[in-house]
Structure formats: C-alpha cells, structure tokens
Amino acid sequence: MKRTIIHQDNEFNNKFKRKNPELNLVRIPHDILNLILNQLTPIDIINLSSLDHEFRTYFASMIFSKVKTTWSNLIDEIDGKRTFLKRYRYFIRQLRIIDCYSYGEWQIDVFSDLTHLYPHLTTILINSRNSSNWLKYRGNDDITQLTLYFEKDHLESQNQFLSENPKNINQIIRNESLTAITNPRIFSIEHIANFKMLRKLCLYDYHFNWEIQSIGNPVLLIDEVSLHNCTWEYPFKLSQFNYNHNMTKLNISYKNDNPFIHSERFNSFIKNEDKEEDFQSLEVLSINILYDDSHSFFIPADYSYIQRKDICGFINHEKYPNLRQLTFHGWILKLYDFESFPKSISRDDNNLELLDLEIFDTLSALCLANTETYLIRIPHYFDIIPHPKNMNHQDKLERNAQVINETHYIILEYPIQTIKTFDKDHISNVIKITDYNSITPMKKTLFVRVNNYEDNIFNSDDLLNVKLCWPAIYPFDFRISHQYLHLNELIPTTSDDSFDLYIRIDYEFFGQTYDRDMYLSENEELQFQLYINKLPNKWIPIPLELYDILIYIIDIAILFGWNIIPYIISTVTSV
1 MKRTIIHQDN
11 EFNNKFKRKN
21 PELNLVRIPH
31 DILNLILNQL
41 TPIDIINLSS
51 LDHEFRTYFA
61 SMIFSKVKTT
71 WSNLIDEIDG
81 KRTFLKRYRY
91 FIRQLRIIDC
101 YSYGEWQIDV
111 FSDLTHLYPH
121 LTTILINSRN
131 SSNWLKYRGN
141 DDITQLTLYF
151 EKDHLESQNQ
161 FLSENPKNIN
171 QIIRNESLTA
181 ITNPRIFSIE
191 HIANFKMLRK
201 LCLYDYHFNW
211 EIQSIGNPVL
221 LIDEVSLHNC
231 TWEYPFKLSQ
241 FNYNHNMTKL
251 NISYKNDNPF
261 IHSERFNSFI
271 KNEDKEEDFQ
281 SLEVLSINIL
291 YDDSHSFFIP
301 ADYSYIQRKD
311 ICGFINHEKY
321 PNLRQLTFHG
331 WILKLYDFES
341 FPKSISRDDN
351 NLELLDLEIF
361 DTLSALCLAN
371 TETYLIRIPH
381 YFDIIPHPKN
391 MNHQDKLERN
401 AQVINETHYI
411 ILEYPIQTIK
421 TFDKDHISNV
431 IKITDYNSIT
441 PMKKTLFVRV
451 NNYEDNIFNS
461 DDLLNVKLCW
471 PAIYPFDFRI
481 SHQYLHLNEL
491 IPTTSDDSFD
501 LYIRIDYEFF
511 GQTYDRDMYL
521 SENEELQFQL
531 YINKLPNKWI
541 PIPLELYDIL
551 IYIIDIAILF
561 GWNIIPYIIS
571 TVTSV
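Take the sequence shown: its position 409, counted from the start at 1, is 409 in the UniProt record's numbering, and no numbers get skipped.
Shown next, in the form of structure tokens:
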C-alpha cells in the first residue's frame, strides 16, 4: 500500500523537528548572566547552586573562587589529611586565612606549597597579630594581591593546639588587647621583597618607621596600595611606598576615633607640607574617614576638618601630574564660599577627571538633627521587676523590634547608661524601622521596655532622662511619653505578665512632595537615635553630657569663693 504524499511530508517534519530546550538561568548567554550575577550577593549564588546538580556544577567555579580556612585546616590540606579544598583546587583564586597563629607564620612555609596546591591562586589575605618581618623568609612568584589584617577574636588553631596538651604543660597566653597597645605591628617594604609579582598591597593597623636608605630597594611591581588605620612616624613618608615610581593607586582610610588623623605627621601629608614627597606616578588617590552606624547622621566633637586649600594642594600639576581621580569622604569642609571653590580649580593646571567629595558643611552641625527630651521619675511605690542579668553584647549593638500589630512595635532590650558607663560602654543607640508606608501615612507607636539590668541601674525616686534625635531632613513628627504595662497586654501570645515601665514613642509622617512616585514609598526607612540615661542626682536633673562640666565649674566657684574672695576683701579693707 502506497503512502500519501501529505503523510510522508508530516513524517519527515516530525523526524527532523528540532526540540527547543528548556530555557533557564544557566543556559542564557554568559555575558548576560554575568550582568545578573553582579547584582547578587554570595549567599544568593550559593542558594542558586543548591537547586539541582546542573546549577551546582555551573556555579561551583564562582562559589569556590574565594575560600577561607584556618591555619590548622590549611596545614592538614598540605599534609593530605584533608581534601575538601583539593577537590576545588582549580577554582580557587583567593584564599583567606582567618585565624592568628604565630607558629604557622614562623615555622610553616605555606607559600611554597600554595602554587602547587592551587594553580590559579593569585590573592591571599592573612589574619596576623604580628609584625610583618616573618614574611622576609617567605616568597612566591604567583601571588599578585596580598592583604594583612588583624582580628583578635579568631584564635582557632592556637586554641586547638592548647587543648591538645597530654603532658599538662603550663601555657603562657599573652593578653591580645594589651599587646596591640604596647607593641605596634611594624611593616616594612623589604619584608615582602620575595613576592616578585605582587601588584596590590592592602594593610590594616600597621605602623611604618623604615628609612628609605636602610632597605635594599627590592624589585617590586606594586601599583596599588591600600592603608586602613595605619600610622607612621618621622622620618617615614608615604611616598616611600612609591620608591620605584610604579604606584598608580593609593587608598587611605581611618575610623573616626583614630587619634592619628589629628597627628602632626598625618596633617603634614594632608597639607602637602613635605616638598620631597614623590607621587609623580599617582593616578587615583582616596582619603576617607569612616563612621559606624552610631554616627550615621551626628557629627562628633573630634570630627576631622579639611580646608579648600588642602584639596587644591592635591590638584597640583607639578606634584601630581598624572592624578585623574581624587576622593575625600567623611570630612568637614567650610562651604560658606563653596561657589568659589570650583572656580579655584584651574583646568589648565591639572589632568583631573573626577573629584569625589562626600563631606559635611561646618554649619550642618547646628541644624543636623531635631531633639525631643523627656524626664521620668521612678515612682516611690513602683515595684521594680528584678533583672539580675546584664545585656548581652549583641543586644547592645543591634535593635530587635518585634511587631505587635500593624501600628505597634516593641523592643524588650535596650541599653541604659549611668554616670559610670557614659561614653565607656560600646553601645549603639540607633533604631531603624524599614516598613513605614509614607504613601498612606498613619500614626505608629514603638514601646521600649526599661530594664533594671543587674538590679542596680535605678531605684525608686531616680530620674531617667530620655532623649530622641532624628535628622532635620526627616519629615516625621515624634512624641515621647511613658506607660506602665503588663507584657501580656502587648504580646498576647506570651504568658509573662511582668508589670514594667515602657518608653512610648509615637511617630507619624507629615511630608508633602510634588512627585509622590519618586519620593514616597511603601517601605520607607526611618532612622533615629534614642538615649535612656539615669541621672546621677535625684533632685537636680543634670544631663550626663553636662555633668563633668558643671562639677568642674562648681569646683572652680568653691575655690574662688574660699580663697580669692577673702583675699580681695582683706586687700580692700586694709587699704
């Protein structure tokens, strides 16, 4: 029986019909995928890799390109006792050793084995509490980026060694915090002379004091240097990192409480007073002051000032002929005549392409924040709930606001300062609320429980001073009050019926805008600072911020009254 022509054509088409494969994330073009992955965090990529075998295989090279390990685990990898990193040896490009271990630094030459173990490794980060002179006896011709930093809380390998002590040998463990103060961590460029291919150097909390004449001028190709909280002393100059005229990028940053930013050596660098500094090859310069969350919108008294002429000193064709980018973040600059500042930058005198200023005006300290204060006296009859424990470290730094309902929140743990702990304890007074709907604003309430930590913060008749500060640019209205409530009235699901004192904070958005879509949001972030202080005197409400000053004034007045006035009277009457 002969087949029809139509049937034969359908059979031919079905036989050679190309099946469209299912389109998923790992099958899209590689360039597009890279653009997507640049918007993701490492945790997001790890979560993607857990979907199935195909995703895990595809993302393995990204996940294991940067790995971290301890000294003990790395030694076991070298000795073959562990093989976890060995399975991904061709993916590893960056290795971070997270714990301090002096024995590993001085006695074990891991650098000689790293290239063999991880052929594509180019970047190493080492947590070291010591000076860098141990690196004089190490070397590697494949490492291009080296970072030396210090985190004193990571001592995993040392603790493991101390725990394995079958002969019960007495161990002498030095105080890390005391050692960091009395023995600065010294770095010298000659310590890394055997890292011939090093291009990027990053240092945290090191001190420099070497003289350029005392080193052998190692042949290095370092073109980028990053210094974080590093200090130096005379006769050292920062340009000594550029002894071979090869450095093109210099990044300098300090925490706001670092006293070195007020030192003569640092100011000499900022003001370009040393005419012998040589930065002819420099193309990118960044000098930043960093602040933690507790200083997100408040300027402390020791804030660092910079002048217009200091910035213009870096825009100098003679000293910085190749400078293309200049960055200053976290400084105070007098902006009363800022209009004349751009005019003072002559395009004929420099090759600058980018000037990045993230600065504060000196007048902003006068109008930066609104303040609401409230005074509470603990009632004589109030039965203070026992609270024998102190706050844990995490609660001192992070706020955990529980949601009661759509309009009410509660914080059960909040630090209370006294005259003994004021400006001594490391705490955060910042509260962040991220789900305020400014499109349809409504009044919301936050309750903050006042706990008598260790049963000795406050007693009956004591005064509590509550201060709330928020940026002047925030269109929010705040009101402070207090209430005495049972906890199960606020959180019905709990069986705790303790009767406590609560600070009540009512807030509401009142802003108006010409473009609601651009400036209003269903998840507006609100940030403010709340201070709860127990005042030292029950009858005279002297704020803790002014207590030392008032005591000093009173002492001066007493001294003047008992000694100076009688002398003046006796002198006048004798005449």
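Idealized CB from N, CA, C, for every residue including glycine.
Q. When the Cα of E508 is compared with those of S61, L446, L135, I192, which residue comes out closest?
A. Taking the first residue of the sequence shown as 1, we reach residue 508 at position 508. Residue L446 is the option with its Cα nearest to E508.
Q) If I359 and F382 are in contact, beta carbons under 8 Å, what's the gap, nearest whole angstrom? A) If you number the sequence shown from 1, residue 359 lands on position 359. If you number the sequence shown from 1, residue 382 lands on position 382. Going by Cβ atoms, the distance from I359 to F382 rounds to 48 Å, so no, they are not a contact pair.
(Q) Looking only at its chain, what residues have a beta carbon closer than 7 Å to the beta carbon of D109, apart from the 5 residues adjacent to it on each side? (A) Translated into positions along the sequence shown, residue 109 becomes position 109. Excluding sequence neighbours, D109 sits near R138.
Q. Roughly how far, in whole angstroms, is the beta-carbon of D223 from the beta-carbon of M197, given that I think they are within contact range, below 8 Å?
A. If you number the sequence shown from 1, residue 223 lands on position 223. If you number the sequence shown from 1, residue 197 lands on position 197. That pair is no contact at about 12 Å.
Q) Ends of the alpha helix (DSSP H) at L285? A) The count along the sequence shown starts at 1 and reaches residue 285 at position 285. Element bounds for L285: not the alpha helix (DSSP H) but the beta strand (DSSP E), 284-290.
Q. Going by the CB atoms, is the gap between G330 and L290 shorter than 8 Å?
A. Numbered from 1 along the sequence shown, position 290 holds the residue referred to as residue 290. Numbered from 1 along the sequence shown, position 330 holds the residue referred to as residue 330. The beta carbons of L290 and G330 sit closer together than 8 Å.
Q. What's the gap between the Cα of T440 and the Cα of F510?
A. The residue you call residue 440 lines up with position 440 of the sequence shown. The residue you call residue 510 lines up with position 510 of the sequence shown. CA-CA distance, T440 to F510, rounds to 10 Å.
Q: Using the Cα positions of D497 and I45, report the straight-line distance between them to the nearest angstrom.
A: The residue labelled residue 497 in the question sits at position 497 within the sequence shown. The residue labelled residue 45 in the question sits at position 45 within the sequence shown. Going from the Cα of D497 to the Cα of I45 covers about 45 Å.
Q: Quick one: grab the DSSP three-state call for I222.
A: Against the sequence shown, residue 222 aligns to sequence position 222. Coil, per DSSP.
(Q) Could you tell me the alpha carbon to alpha carbon distance between N258 and E156, rounded to whole angstroms? (A) The residue labelled residue 258 in the question sits at position 258 within the sequence shown. The residue labelled residue 156 in the question sits at position 156 within the sequence shown. Going from the Cα of N258 to the Cα of E156 covers about 28 Å.
Q) So which of S131, T147, T122 has the shortest CA-CA distance to D141? A) Reading the sequence shown from its first residue, position 141 is the one you call residue 141. Of the candidates S131, T147, T122, T122 places its Cα closest to the Cα of D141.
Q. Roughly how many angstroms separate the alpha carbons of P119 and S72, rounded to a whole number?
A. Here residue 119 refers to the residue found at position 119 when the sequence shown is read from its first residue. Here residue 72 refers to the residue found at position 72 when the sequence shown is read from its first residue. When rounded, the distance between both Cα atoms is 21 Å.
Q: Report the residue from H482, Y519, I491, P536 whose alpha carbon sits nearest the alpha carbon of T421.
A: Counting from one through the sequence shown, the residue named residue 421 turns up at place 421. Of the candidates H482, Y519, I491, P536, the one whose C-alpha sits nearest the C-alpha of T421 is P536.
Q | Contacting residues, own chain, Cβ-Cβ under 6 Å from R129 (five flanking each side not counted) | A | The count along the sequence shown starts at 1 and reaches residue 129 at position 129. Around R129: C100, F150.
Q: Sort Q394, F266, P321, F161 by Cα distance to Y284 and report the nearest one.
A: As a first step, residue 284 must be located in the sequence shown, where it is residue number 284. Sequence check: residue 284 is Val here, not Tyr. When only C-alpha atoms are compared, the closest one is P321.
Q. Taking buried to mean at least 16 other C-beta atoms within 10 Å of its own C-beta, is H191 buried or exposed?
A. For the purposes of this step, residue 191 is identified with residue 191 of the sequence shown, where counting begins at 1. With 16 or more Cβ atoms within 10 Å of its Cβ, H191 is classed as buried.
Q. In its own chain, which residues sit with a C-beta less than 8 Å from the C-beta of N523, not counting the 5 before and 5 after it?
A. Along the sequence shown, one-based indexing puts residue 523 at 523. For N523, same chain residues with a beta-carbon under 8 Å away, outside a window of 5 residues either side, are T434, D435, Y436, N437 in chain order.
**Q.** Short Cβ contact (8 Å threshold) for K534 with L490
**A.** Along the sequence shown, read from residue 1 onward, the residue named residue 534 stands at position 534. Along the sequence shown, read from residue 1 onward, the residue named residue 490 stands at position 490. No. Outside cutoff.
Q: Taking S214 as the reference, give the member of C202, I565, Y243 with the closest Cα.
A: Within the sequence shown, numbered from 1, the residue matching residue 214 stands at position 214. Checking every option, the nearest Cα to that of S214 belongs to Y243.
Q) How long is the line joining the alpha carbons of P29 and I124, rounded to whole angstroms? A) Numbered from its first residue, the sequence shown carries residue 29 at position 29. Numbered from its first residue, the sequence shown carries residue 124 at position 124. Straight-line Cα distance between these residues: approximately 31 Å.
Q) DSSP three-state call for I28: helix, strand or coil? A) Residue numbering aside, residue 28 sits at position 28 when the sequence shown is read from its first letter. I28: coil per DSSP, three-state reduction.
**Q.** Segment contact, 8 Å Cβ cut-off, at least three pairs: the region 64-79 with the region 92-107
**A.** yes
Q. Tell me which same chain residues have a C-beta within less than 6 Å of the C-beta of Y88, skipping the five on either side of it?
A. Numbered from its first residue, the sequence shown carries residue 88 at position 88. Closer than 6 Å at the Cβ level, and outside the excluded window around Y88, lie F64.
Q | Contact set for N288: own chain, Cβ-Cβ below 6 Å, skip 5 residues either direction | A | Taking the sequence shown and counting its residues from 1, one reaches residue 288 at position 288. Excluding sequence neighbours, N288 sits near S253, H329, G330.
Q.
If you follow the alpha helix (DSSP H) that D555 is in, where does it begin and where does it stop?
A. Numbered from its first residue, the sequence shown carries residue 555 at position 555. Per DSSP, D555 belongs to the alpha helix (DSSP H) from 544-559.
Q. Sorted by chain position, which residues of the same chain lie with C-beta nearer than 6 Å to D302's C-beta, five sequence neighbours on each side aside?
A. Your numbering for residue 302 matches position 302 in the sequence shown. At D302, the pLDDT of 49 sits below 50, so the modelled position is not reliable; the number obtained from the coordinates is stated separately. The answer is none, since no qualifying residue turns up.
Q.
Our contact map puts L530 next to I431 with C-beta atoms below 8 Å; I'd like the distance itself, whole angstroms only.
A. Counted from its first residue, the sequence shown places residue 530 at position 530. Counted from its first residue, the sequence shown places residue 431 at position 431. Confirmed, about 6 Å.
Q: Check each candidate in W106, E273, T57, F458 and name the one with the smallest Cα separation from R377.
A: Position 377 of the sequence shown, counting from 1, holds the residue named residue 377. Per the Cα distances, F458.
Q) With C-beta atoms as the reference, is D500 less than 8 Å away from V450? A) On the sequence shown, residue 500 is found 500 positions in, with the first residue counted as 1. On the sequence shown, residue 450 is found 450 positions in, with the first residue counted as 1. Against a cut-off of 8 Å, the Cβ pair of V450 and D500 comes out as a contact.
Q. Which class does W106 belong to by DSSP, given the choice of helix, strand or coil?
A. As a working mapping, residue 106 is identified with position 106 in the sequence shown. If DSSP states are grouped into helix, strand and coil, W106 belongs with the helices.
Q: Leaving aside the five residues before and after V403 along the sequence, list all residues of the same chain whose C-beta is less than 7 Å from its C-beta, in chain order.
A: As a first step, residue 403 is located in the sequence shown; it is residue number 403 there, counting from the start. Same-chain partners within the cutoff: Y409.
Q. Does the separation of the CB atoms of C202 and T147 fall below 8 Å?
A. Translated into positions along the sequence shown, residue 202 becomes position 202. Translated into positions along the sequence shown, residue 147 becomes position 147. Contact: yes.
Q) So what's A365 in DSSP terms, helix, strand or just coil? A) As a working note, residue 365 is residue 365 in the sequence shown. Because A365 sits at a pLDDT of 47, beneath the cut-off of 50, its placement in the model cannot be relied upon, and the point is left open.
Q: Report all residues from its chain with a CB closer than 8 Å to the CB of N488; omit the five preceding and five following residues, and keep chain order.
A: Start at 1 with the first residue of the sequence shown, and residue 488 comes out as number 488. Contacts found: T494, S495, D496, D497.
Q.
So within the region 367-416, which uninterrupted alpha helix (DSSP H) runs reach at least 4 residues, ignoring any that extend past its ends?
A. Counting only unbroken stretches of 4 or more residues, the alpha helix (DSSP H) elements lying wholly within the region 367-416 are 393-397, in sequence order.
Q: Quickly, what does DSSP pair T418 with across the bridge? List them, please.
A: Looking up residue 418 in the sequence shown gives position 418. T418 pairs with nothing; no bridge assigned.
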